[in-house]
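One structure below.
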Amino acid sequence: QVPLVIFKREKEVARKLEFDGLYITEQPSEDDIKGQWDRLVINTQSFPNNYWDKFVKRKVMDKYGEFYGRDRISELLGMDKAALDFSDAREKKKPKKDSSFSAVLNSIDVKYQMWKLGVVFTDNSFLYLAWYMTMSVLGHYNNFFFAAHLLDIAMGFKTLRTILSSVTHNGKQVSTL
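Here you go:
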């Protein structure tokens, strides 16, 4: 199974690349951390791995290649020159035989894997579940963490949220949520 967050992010990057020309006609702003992080993945060989449109790089090349130059676009997208040559006159090279261990190591696209980890670790649902699990585990050792763990559940119920927001101490309201 493909994590939904990876699929959605690949789809978003591929669509921005193909339809908006992002990273080709314009660059994301310096404040756009998500856009800067996505710049890391567009020139990897594995992208798009989980998105169904595997020819997005070729479509971008066809759309923007004439105006911006095929060499510049192929460098930006991480496409090798052999992938751009559609003629039959191309020489076929025999690949060297590698040992199985080195073949496995060479097949791993480290840049793409780092991008995937960054996407997963910055996803809000992942961060929520990680925080919840941490508080739950720490709650076995300290009651404060157990209470913090339960506070999240209490805030999910409208009635309990109203009660928690009206808690007073010595006639003064303690918290306003």
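In my numbering, each number is its position in the sequence shown, counted from 1, plus 528. Note that the Cβ used here is the ideal one computed from N, Cα and C, for glycine as well.
- Annotation: residue 681 to residue 561 spans about 31 Å, alpha carbon to alpha carbon.
- In this structure, residue 574 sits near residue 637, with a CB-CB distance shorter than 8 Å.
- Contact annotation, residue 578 with residue 534: C-beta distance approximately 6 Å; criterion of less than 8 Å satisfied.
- By the CB criterion at 8 Å, residue 545 and residue 569 fall outside the cutoff.
- In the structure shown, the three-state DSSP call for residue 550 is strand.
- Counting of Cβ neighbours within 10 angstroms places residue 558 among the exposed residues, the total staying below 16.
- By the neighbour-count criterion, in which a residue is buried when 16 or more other Cβ atoms sit within 10 angstroms of its Cβ, residue 658 is exposed.
- Just measuring C-alpha positions, the residue of 567, 645, 676 sitting nearest residue 664 is 676.
- The residues 674, in chain order, have a CB closer than 8 Å to that of residue 668 in the same chain once the five nearest residues on each side in sequence are set aside.
- In this structure, the straight-line span from the alpha carbon of residue 683 to that of residue 660 is close to 13 Å.
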